[in-house]
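Same order as they appear, the protein sequences are chains B and E.
The first sequence maps to residues 29 to 141 in our numbering.
The second sequence maps to residues 42 to 154 in our numbering.
Backbone N, C-alpha and C define an ideal beta-carbon position, used for all residues, glycine too.
What follows is one structure encoded as structure tokens, with my remarks underneath.
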Amino acid sequence: KAGVTQTPRYLIKTRGQQVTLSCSPISGHRSVSWYQQTPGQGLQFLFEYFSETQRNKGNFPGRFSGRQFSNSRSEMNVSTLELGDSALYLCASSFSGGEETQYFGPGTRLLVL
Amino acid sequence: AQSVAQPEDQVNVAEGNPLTVKCTYSVSGNPYLFWYVQYPNRGLQFLLKYITGDNLVKGSYGFEAEFNKSQTSFHLKKPSALVSDSALYFCAVRGSGTYKYIFGTGTRLKVLA
């Protein structure tokens, strides 16, 4: 079974631009979560989607948004990029987001200049 | 509110010696507890989880963890460390009734030859 895939793997943007990251979960998984990983803050939960509905949201500004499609693929968007948005963005999928294991993708490394 | 603490930023251990990476948590209700490992420039890999049942959980690569409800701890252990175990280890918790996973700040394990 193919793992979680994320595209693109690397991205360089400038302040003020917007960016869209994509995540394809493991086949059959319907829950997708997004995390931001930075050296100073560790892994911070962004949001979780299940069946195209956002069920949980972390403490991030409204510039961070996401969506999930009917095939469970998910995208996250960051508008008006700031230098502090430079991070590794990780996506994880599971069957339903319950007690079963989340499986992580390799991440998208975003650098904002 | 949910929280996870990994009190040690780094743990050094000699190859062949036992290792322990500490994790304590705070959550309302029954916790779902997880350990993940991250190698450089990679996503997180699942090691083991505790949902219910036996307090000693065995996972991948010879790792195990003990759930201690009274001390609200879930320490990761391995009887004999390998140099290849050197990586960043994350503890995570999810409270029942929420789909939000909270991760610790990570502990860098260095196994010395």
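7 Å Cβ cut-off: residues of chain B touching residue 84/E: Your numbering for residue 84/E matches position 43 in the second sequence. Those within 7 Å of residue 84/E in chain B are 118, 132, 133, 134, 135.
Would you be able to state if there are at least three C-beta pairs under 8 Å between the segment 61-75 of chain E and the segment 105-114 of chain B? no
Interface positions of the segment 97-111 of chain E facing chain B (Cβ-Cβ less than 8 Å), listed along the chain: none
Are any of the Cβ atoms in chain E nearer than 7 Å to that of residue 58/B? Numbered from its first residue, the first sequence carries residue 58/B at position 30. Judged by the 7 Å Cβ criterion, residue 58/B is not in contact with chain E.
Option in 117/B, 134/B, 74/B with minimal Cα separation from residue 80/E: For this step, residue 80/E is matched to residue 39 along the second sequence. Comparing Cα positions, the closest option is 134/B.
Quick check: what's the CA-CA separation for residue 116/B versus residue 102/E? By one-based count along the first sequence, residue 116/B stands at place 88. By one-based count along the second sequence, residue 102/E stands at place 61. One C-alpha to the other measures close to 26 Å.
Of the choices 122/E, 127/E, 117/E, whose alpha-carbon is the least far from that of residue 133/E? Within the second sequence, numbered from 1, the residue matching residue 133/E stands at position 92. Closest option to residue 133/E, Cα to Cα, is 117/E.
With a Cβ-Cβ cutoff of 7 Å, do residue 86/B and residue 71/B count as a contact? Residue 86/B sits at position 58 when you count from the first residue of the first sequence. Residue 71/B sits at position 43 when you count from the first residue of the first sequence. No, the Cβ-Cβ distance between residue 86/B and residue 71/B is not below 7 Å.
Here's the rule: buried if 16 or more other CB atoms are within 10 angstroms of the residue's CB, otherwise exposed. What is residue 51/E? Position 10 of the second sequence, counted from the first residue, corresponds to residue 51/E. Exposed: under 16 other Cβ atoms inside 10 Å.
Please check if any C-beta of chain E sits within less than 7 Å of the C-beta of residue 80/B. Within the first sequence, the letter at position 52 stands for residue 80/B. No, because no Cβ of chain E sits closer than 7 Å to the Cβ of residue 80/B.
Which residues does DSSP pair with residue 72/E in a beta bridge? Counting from 1 along the second sequence, the entry for residue 72/E is found at position 31. DSSP, once it has assigned bridges, lists 136/E as partnering residue 72/E.
Keeping to the same chain, check which residues put their C-beta closer than 6 Å to that of residue 137/B; ignore five residues upstream and five downstream. Taking the first sequence and counting its residues from 1, one reaches residue 137/B at position 109. Excluding residues within five positions, the ones whose Cβ falls inside 6 Å are 38, 116.
Going by beta-carbon coordinates alone, are residue 92/E and residue 127/B separated by less than 7 Å? Here residue 92/E refers to the residue found at position 51 when the second sequence is read from its first residue. Here residue 127/B refers to the residue found at position 99 when the first sequence is read from its first residue. The answer is yes: Cβ separation under 7 Å.
I'd like to know if residue 75/B contacts chain E, where contact means its C-beta is closer than 7 Å to some C-beta of that chain. Position 47 of the first sequence, counted from the first residue, corresponds to residue 75/B. No - not a single Cβ of chain E is within 7 Å of the one on residue 75/B.
Reducing DSSP to helix, strand and coil, say where residue 52/E ends up. As a first step, residue 52/E is located in the second sequence; it is residue number 11 there, counting from the start. Looking at residue 52/E - three-state DSSP - the assignment turns out to be strand.
Chain E beta carbons: is any one of them nearer than 7 Å to that of residue 129/B? Locating residue 129/B in the first sequence gives position 101, where the first residue counts as 1. With 7 Å as the cut-off, residue 129/B counts as an interface residue toward chain E.
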